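Visitor: Below you'll find the structure I mean.
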């Protein structure tokens, strides 16, 4: 995974653009500029078939740009969607996976990795240092850590960890740490300075039209490069 910007395409979107059009704007880069760390599809209210349809539209664009495509929370969408789509899990998702598999977390995730394929990235949200340490024994490609700052993208967010908490997590983790939660260009730059491999942004990349989205993405890319 490239360092830098981990873009989250959160639906429904404030613009009237479709997911593929928004993705094209998120994936744009200047000559010689590295690609995004990843593009994650996040649609908390959609059905699995709707998420799969969106992934099918996004996958060719991401493949052409050399950017990993990840779906948030939906194991079925990752398994049934285009080849190579990764999966980001929360701790509740991991508990449900373990319960269904009736196996320890490491074994359940190894089985999941085999089902998703070698090219699919697998990530896990963490919110405490105990969770960061526990994640080191799991077959993951990265961990998310946060919220670094207050966020409006979740109805019941976990307590803020702050930049000091993020810096500690980055020191403790052998896995790449993706900072998330209340991050814009300025705060994203601070998160990178604290040691984050990449910075996840949602609202900071959203806009009501192409011009605003391009401006926001450019500002974010420059800040966290």
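Numbering (the working numbering), first residue to last: 3 to 227.
Each residue gets a CB set at the ideal place from its N, CA and C atoms; glycine is no exception.
If you're wondering where the values come from, they're calculated on a predicted model, not measured in any experiment.
On a Cα-Cα basis, can you pick out the residue from 217, 149, 103 that is closest to residue 158?
Guide: That would be 149, whose Cα lies nearest to the Cα of residue 158.
Visitor: Quick one, which of 102, 81, 136, 104 has its alpha-carbon nearest residue 117's?
Guide: The shortest C-alpha separation from residue 117 is found at 81.
Visitor: Within 10 angstroms of the Cβ of residue 175, are there 16 or more other Cβ atoms? Answer buried if so, exposed if not.
Guide: With 16 or more Cβ atoms within 10 Å of its Cβ, residue 175 is classed as buried.
Visitor: Which same chain residues end up closer than 6 Å to residue 12 when comparing Cβ atoms and leaving out the 5 residues on each side of it in sequence?
Guide: For residue 12, where only same-chain residues beyond five positions count, the Cβ hits under 6 Å are 44, 204.
Visitor: Taking 8 Å as the cut-off, decide whether the C-beta atoms of residue 62 and residue 39 are in contact.
Guide: No, the Cβ-Cβ distance between residue 62 and residue 39 is not below 8 Å.
Visitor: Does the beta-carbon of residue 122 have 16 or more other beta-carbons within 10 angstroms, so that it is buried, or is it exposed?
Guide: Buried, since its Cβ has 16 or more Cβ neighbours within 10 Å.
Visitor: I'd like to know if residue 25 contacts chain D, where contact means its C-beta is closer than 8 Å to some C-beta of that chain.
Guide: Although the question refers to chain D, the structure presented lacks it and comprises just one protein chain.
Visitor: Which residues mark the beginning and the end of the beta strand (DSSP E) in which residue 128 is found?
Guide: Segment 124 to 128, the beta strand (DSSP E) holding residue 128.
Visitor: Among 164, 163, 177, 151, which one has its Cα closest to the Cα of residue 140?
Guide: Residue 140 has its Cα closest to that of 177, out of 164, 163, 177, 151.
Visitor: Going along the chain, which unbroken runs of the beta strand (DSSP E) with 3 or more residues stay wholly within the segment 76 to 155?
Guide: As far as the segment 76 to 155 is concerned, its whole beta strand (DSSP E) runs of at least 3 residues are 88 to 91, 124 to 128, 144 to 147.
Visitor: With which residues is residue 42 paired in a DSSP beta bridge?
Guide: DSSP, once it has assigned bridges, lists 10, 72 as partnering residue 42.
Visitor: Exposed or buried, what is residue 190 when buried is set at 16 or more other beta-carbons lying within 10 Å of its beta-carbon?
Guide: Label assigned to residue 190: buried.
Visitor: Do residue 160 and residue 129 have their C-beta atoms closer together than 8 Å?
Guide: For residue 160 and residue 129, yes; Cβs fall inside 8 Å.
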